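*Asks:*
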Amino acid sequence: MDLAERVARLEDLHEIGQLRARYCQLLDDGHWDELAELFTEDGAFVGLSTARGRDELRTFFPTLQEGSLEAWWHFSSNETIDLDGDEATGQTWLDQPCVVDGVAHIAAGRYADRMRRCDDGRWRFVERKVTFFFWSPLATGWASGRFDHEAARAAADPRTLERRADH
């Protein structure tokens, strides 16, 4: 790899890191239109629900805070990026303090990303998939072990919170 190729690779790695950081900032700040632009035209978010395409993403992301989830803050780390020309894959870890029905929660998980350099030269998500390791009321603690999306949904259900408070 010559110097120009090495510099181009470093620029790509930096731009992908910026893409991931902008995702967290725009999501936390509720800038839904700008957030959708971080995805390819047919890009997808896969998590507790799935949304595909920018139009669907624009309407999907705001719904995440319409229920019992009142606030969140996304912190990502442990980034990996595998470049292959204009395509890239990788993972980043997620720490997410949040508020559900007035109760402080802590969540953690992993994003698995597929990204593409688009015709305008910008890197965008083809798919961003989140898998949660845990999602628990802060008072209950997070040491109950791993659980899946169903358990994450149940953890955010007020009836589950009431049952946990009774123990």
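For the record, in the sequence shown the residue sitting at position 46 is 80 according to this note's numbering, with numbers rising by one throughout. Glycine included, every Cβ here is placed at the ideal spot set by N, Cα and C. Since the model is a prediction, treat every value here as computed from it, not as a measurement.
DSSP three-state call for R88: helix, strand or coil?
*Replies:* In this structure, R88 counts as helix in the three-state DSSP scheme.
*Asks:* So W107 and H139 are in contact, right, with Cβ under 8 Å, and what is the actual spacing, rounded?
*Replies:* Wrong, their Cβ atoms sit about 11 Å apart, outside the cutoff.
*Asks:* Is R198 helix, strand or coil when you go by DSSP?
*Replies:* Reliability fails at R198, whose pLDDT of 44 lies under 50, so the model's placement of it is uncertain and no value is given.
*Asks:* Have a look at L82, E121 and T114 and flag the residue whose alpha-carbon is nearest the alpha-carbon of T74.
*Replies:* That would be E121, whose Cα lies nearest to the Cα of T74.
*Asks:* Measuring straight from C-alpha to C-alpha, what distance separates L128 and A55?
*Replies:* L128 and A55: Cα-Cα distance of roughly 11 Å.
*Asks:* Please classify Q99: does DSSP put it in a helix, a strand, or coil?
*Replies:* Reduced to three states, the DSSP call for Q99 is coil.
*Asks:* To the nearest angstrom, how far is it from the Cα of S83 to the Cα of L44?
*Replies:* Cα-Cα distance, rounded: 34 Å.
*Asks:* Whole angstroms is fine: what's the gap from R162's alpha carbon to D36's?
*Replies:* Straight-line Cα distance between these residues: approximately 32 Å.
*Asks:* Can you give me the C-alpha to C-alpha distance between I50 and T93, rounded to a whole angstrom?
*Replies:* Near 24 Å, if we compare the C-alpha coordinates of T93 and I50.
*Asks:* Distance, Cα to Cα, A42 vs Y145?
*Replies:* Going by the C-alpha atoms only, they are around 25 Å apart.
*Asks:* Closer than 6 Å by C-beta to W66: which residues in its own chain qualify, once you throw out the five before and the five after it? Chain order, please.
*Replies:* If we look at W66 and ignore the five residues flanking it on each side, its Cβ neighbours are R92, F95 and P96.
*Asks:* In the DSSP assignment, find the alpha helix (DSSP H) that holds G51 and state where it starts and stops.
*Replies:* Taken as a continuous stretch (DSSP letters only), the alpha helix (DSSP H) holding G51 covers L37 to D63.
*Asks:* DSSP state of A173, grouped into three classes?
*Replies:* The answer is coil: DSSP assigns A173 none of H, G, I, E or B.
*Asks:* Based on DSSP bridge pairs, tell me the residues matched to L128.
*Replies:* Answer is S110 and G143.
*Asks:* Report buried or exposed for D147, applying the criterion of at least 16 other Cβ atoms within 10 angstroms of its Cβ.
*Replies:* D147 should be labelled buried.
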